[in-house]
Amino acid sequence: MPIINCHAHTVISDGSDTMLDMAKRASSLGHCALVVTDHNYPTDHNFHTGWRERDVIEENSLSPIPIIVGAEISTPFGDHLLFGKEVLRNWEHYKSLLDRINKDFDLNLWIECFKTYVLAKASLQGMPGWFVRSKVTPMPYAMILCHPRSPAGYYRRFPKEWWDLCHGFEIRNGMQEYDAFDEGKEAVAFFRSMMPGCMELKNSDAHTVDQLTECHNEIPHEITNEAQLYKWLRSGRRDWRLSNHPSHDKLKEFAKKAMEGMNPCPPEYMKVLNDSMEDLLA
Ligand SMILES: [Zn+2]
């Protein structure tokens, strides 16, 4: 059975080894790909400047297995693994917008903006909103809750909409197994109840090549690119749905500002974007 680890760090954030060295070790352990999830906090290599794509192309050409890049992001709800190029490319800008929203409004709005953002980005790429939202089309991202160290009571404070955004959680992180002690068991049971059928991952969270040996996931088929990775990560979860939110006008305003600040919007997509936004927030 093919194996993969979905959580690892390199010298780009707080890891000790390069992407290529990590890939070589993962390959020797039989992994079908190396998934890199460096932190989004500021480093010498800020991850929205494009270093990822350049470096990944170069290191991929030398690597015995494909390298897939995600990120470990900090959110008001703890650390999450986030996959999806478009979301990652604009994360820093997006996060500053979210921080403002979080300060001025409430966390539910934060969440709704995330959904709106992801959908709107897809629209900008030319996909009509109805298509993006259809049951058969995966959203272009996947999100996994990392290392549930806190007591389950902490997670119970998350707004219920948050759980609609997530596709799974880590049941094991490195040497720590969360279903092996009482507090962890309670968190695991709670996650299962909030995200029925979600992915339960065993990730090494390796910060060195040696830590890659600690654990991995068995997968039904080989994963060699990002699309296959998030298709698999999303496979257990019921489809995304927009929950009813009372602040539709504010949402629309913020989503439009987010769009304006991130990329010049080609005029031909503006109508698609506006229509799908109206549709989404109706
Ligand atoms: Zn980590």
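Sequential numbering from 3 applies to the sequence shown in the working numbering.
Glycine included, every Cβ here is placed at the ideal spot set by N, Cα and C.
- Per DSSP, reduced to three states, the secondary structure at R194 is helical.
- Here M177 is exposed, its C-beta having fewer than 16 other C-beta atoms within 10 Å.
- With a 10 Å radius around the Cβ and a threshold of 16 neighbouring Cβ atoms, H218 comes out buried.
- Under the three-state reduction of DSSP, A208 is assigned to strand.
- With respect to the 8 Å criterion, T12 and M3 are not classified as neighbours on the basis of their beta carbons.
- A residue is called buried once 16 or more other Cβ atoms fall within 10 Å of its Cβ, and D16, having fewer, is exposed.
- With the rule of 3 Cβ pairs closer than 8 Å, the segment 34–44 counts as touching the segment 59–77.
- Judged by DSSP in its simplified three-state form, L83 adopts strand.
- Excluding the 5 residues flanking it on each side, S18 has same chain C-beta neighbours closer than 7 Å at H209, T210, in chain order.
- Of the candidates T215, Q213, I221, N205, the residue whose Cα lies closest to the Cα of H82 is N205.
- Between ligand 1 and the CB of H9, the shortest heavy atom gap is smaller than 7 Å.
- Cβ-Cβ distances below 6 Å link E220 to M3, I5 in the same chain, with the five nearest sequence neighbours on each side left out; the list follows chain order.
- Residue environment analysis places S63 among the exposed positions, since fewer than 16 neighbouring C-beta atoms fall within 10 angstroms of its C-beta.
- Excluding sequence positions up to five before and after K187, its CB lies within less than 6 Å of the CB of D181, all in the same chain and listed in chain order.
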